[in-house]
Every structure is written in C-alpha cells, then in structure tokens.
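All residue numbers for the sequence shown refer to the numbering used here, where the first residue is 105 and numbers rise by one.
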Amino acid sequence: MTSQPEQPFGGIEHPSLEQYRPPVDPYAPVDYPAPYPSYPGYPPPPVNPGYPTNYPPPYPGYPVDPYDPYRIAAPAGTNGKAIGSLVTSLVGLLFCGLPSIAAIVLGVIAMRETRRTGQDGYGMALAGTIIGGLVAAMWSVFFLMWLLGMMLALNASA
C-alpha cells in the first residue's frame, strides 16, 4: 500500500511562493490617469527645458524687470561706511589729517559695496574719499612746510 506523504499542520497545504501576492502598501504613490487633453482652442503649453520665458538667466548688463518678485532687492538705507567716510574726512580737518586716512579707506570700501549691492551712498562715499584725500594732502603739505620752516630757523640761528 502506498500512502500519501503527510501534510504539514493537519493536512493544510500552503500556497506556493509563485501564487503569493504581497499586501498592498497604503503609502505607495497613486497612479493617476493621464491628464485630459487641452481644449482645442488653446495652444499647447510651451516646452522649455531651461529657464521659464518670464525669467531669463541673469547676467551682467541684463536689464532687470522691476516687477520681478524673485529678484534680490537692494538693502534699505544708506551705506554706513559711506557715512563714516564723510564724517571722518570732515573730522580730519580738526585732528591733523589722521582720520582722513581712515576716510579714504572707508570711502573706497563703501564705493565697492554700494556698486555691488545697489545700496544708496555711492556719492557720499565718493565725497568722503575726495575730501579725505584733499585734507590728508593739505595736512601733509602743511606739516612739510612747518618742518622746512623749523629746519631753516635752526640753521639761521646757528
């Protein structure tokens, strides 16, 4: 007599792996149907792989649209270094021209910043640099003339 092989677990046969379907993932993305065709009266949307047509790539010298909401705005107010340059150039008149050297340095830095960022104060920085240079030159000439006068006075008295 031939007997059949024993079935595991009380004669219940499990399905083979080829018939097994994994459970559906509830977080899997939903496959939506294809979009409806557009109304025949409208042209198809443009295909542009680069920048959108409203916002071309910015490059130096390109005119910027003033109504562009995504462009970087200029910082508000006047550049502080430009104000400092003008003030220290005028203070240099009182303090032997030494602050005028700082005015020249601050003015050059402020002119570069205002040109790069578009912030206000370029004219003020330029004025501070020019006044600081003139005051430093004036005090240098005054000091050299004073030194020459002292040397001539010492030679004449000896």
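Heads up, the beta-carbon is just placed ideally off N, CA and C, and yes, glycines get one too. Computed from a predicted model, the values in this text were never measured in an experiment.
(request) Could you say which of Pro-133, Phe-246, Tyr-226 lies nearest to Ile-187 if we only look at CA atoms? (result) Nearest C-alpha to Ile-187 among Pro-133, Phe-246, Tyr-226: Tyr-226.
(message) Can you list, in chain order, the residues of its chain with a C-beta nearer than 7 Å to that of Ala-178? Leave out the 5 residues immediately preceding and following it.
(response) Within its own chain, the residues whose Cβ lies closer than 7 Å to the Cβ of Ala-178, once the five positions on either side in sequence are excluded, are Thr-221, Gly-222, Gln-223, listed in chain order.
(request) Taking Gly-211 and Ala-240 to be in contact with their CB atoms under 8 Å, please state how far apart those CB atoms are, rounded to whole angstroms. (result) Not confirmed; about 12 Å, so no contact.
(request) Alpha carbon to alpha carbon, how far is Gly-184 from Leu-194? Give it in angstroms, no decimals. (result) Going by the C-alpha atoms only, they are around 16 Å apart.
(request) Assign Ser-204 to one of two classes, buried (16 or more other C-beta atoms within 10 Å of its C-beta) or exposed (fewer than that). (result) It counts as buried.
(request) Measure the beta-carbon distance from Ile-208 to Gly-237 and round it to whole angstroms, keeping in mind my assumption that it falls under 8 Å. (result) Sure, about 6 Å apart at Cβ, within 8 Å.
(request) Return the chain-ordered ranges of every alpha helix (DSSP H) run that is complete within the region 202 to 239 and spans a minimum of 4 residues. (result) Counting whole runs of 4 or more residues, the region 202 to 239 contains the alpha helix (DSSP H) stretches 202 to 221.
(request) Determine the contact status of Thr-218 and Ser-189, defining contact as a CB-CB distance below 8 Å. (result) Thr-218 places its beta carbon 8 Å or farther from that of Ser-189.
(message) Please report the straight-line C-alpha distance between Gly-196 and Phe-247, rounded to a whole angstrom.
(response) If you draw a straight line from the Cα of Gly-196 to the Cα of Phe-247, it comes to about 14 Å.
(request) Would you kindly check if the distance between the Cβ of Gly-201 and the Cβ of Trp-250 is under 8 Å? (result) Contact annotation: Trp-250 and Gly-201 have beta-carbon atoms that are not nearer than 8 Å.
(message) Closer than 7 Å to a non-hydrogen atom of the ligand ATP - does that hold for the CB of Asp-129?
(response) The ligand ATP is absent from the structure shown, which contains no ligands of any kind.
(message) Under DSSP, the alpha helix (DSSP H) around Val-191 begins and ends at which residues?
(response) Taken as a continuous stretch (DSSP letters only), the alpha helix (DSSP H) holding Val-191 covers 184 to 195.
(message) Once the 5 residues before and after Thr-182 are set aside, which same chain residues still bring their CB inside 8 Å of it?
(response) Contacts found: Gln-223, Asp-224, Gly-225, Met-228.
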